DNA sequence: GCCAACGTTGGC
DNA sequence: GCCAACGTTGGC
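In the numbering used here, the protein residues as written are 66 to 201.
Below you can see the structure in the form of structure tokens.
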């Protein structure tokens, strides 16, 4: 089981949109590093859902419902999508500020390379964030 | 294959 | 709205 993080601007597609839709395909990735991460996702992998631009926080958890297949919104098979399903909303959103304040999370790609829109999350990082979400 | 120019992302 | 960081493009 691997852990990931995807980013979305909430006014484009928010976590509550995912909850409403029950399932979505994660389209629009046009960055090779991000695409490679999409392709490495396995069914059942857990995914943090991060709101960029507005909110600036991890707000919920999704899981991979279907592994990578060609992006229906792109020509050819250069770009990929996966299907995501909502799992649960975090009790408390974990903000970027909070993550930056946490020493053990200093190496997170979210902090180091904020522009990558699909990131891998380490198991320890995952658990730390879950803990913060519980404790508020 | 290098690198300057340009476009995009995303935090502030 | 600005700008830094980074990825991509295209001329050479």
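C-beta atoms are modelled at their ideal positions from N, C-alpha and C, and glycine is treated no differently.
Please read these numbers as outputs of a predicted model, since none were measured by experiment.
Supposed contact pair residue j and residue i - C-beta distance, whole angstroms, cut 8 Å
i           : j           : result
residue 163 : residue 197 : 6 Å
residue 104 : residue 130 : Rounded, the Cβ-Cβ distance is 15 Å, inconsistent with contact.
residue 78  : residue 154 : With 8 Å as the limit, residue 78 and residue 154 do not qualify as a contact, their Cβ atoms being about 15 Å apart.
Alpha carbon of residue i to alpha carbon of residue j, nearest angstrom
i           : j           : result
residue 67  : residue 186 : 8 Å
residue 111 : residue 152 : 9 Å
residue 175 : residue 181 : 8 Å
residue 89  : residue 100 : 17 Å
residue 199 : residue 140 : 42 Å
residue 75  : residue 156 : 18 Å
residue 171 : residue 123 : 16 Å
Residue i (DSSP reduced to helix, strand or coil)
i           : result
residue 157 : strand
residue 122 : strand
residue 196 : helix
residue 181 : coil
Span of the beta strand (DSSP E), counted from its first residue to its last, around residue i
i           : result
residue 81  : That residue, residue 81, is in no beta strand (DSSP E); its alpha helix (DSSP H) goes 80 to 86.
residue 176 : Run containing residue 176: none in the beta strand (DSSP E); it sits in the alpha helix (DSSP H), 174 to 177.
N- and C-terminal bounds of the alpha helix (DSSP H) containing residue i
i           : result
residue 103 : 97 to 105
Proximity test, residue i beta-carbon vs the ligand NAD heavy atom, cut-off 6 Å
i           : result
residue 181 : For the ligand NAD, the structure offers nothing, since it holds no ligand at all.
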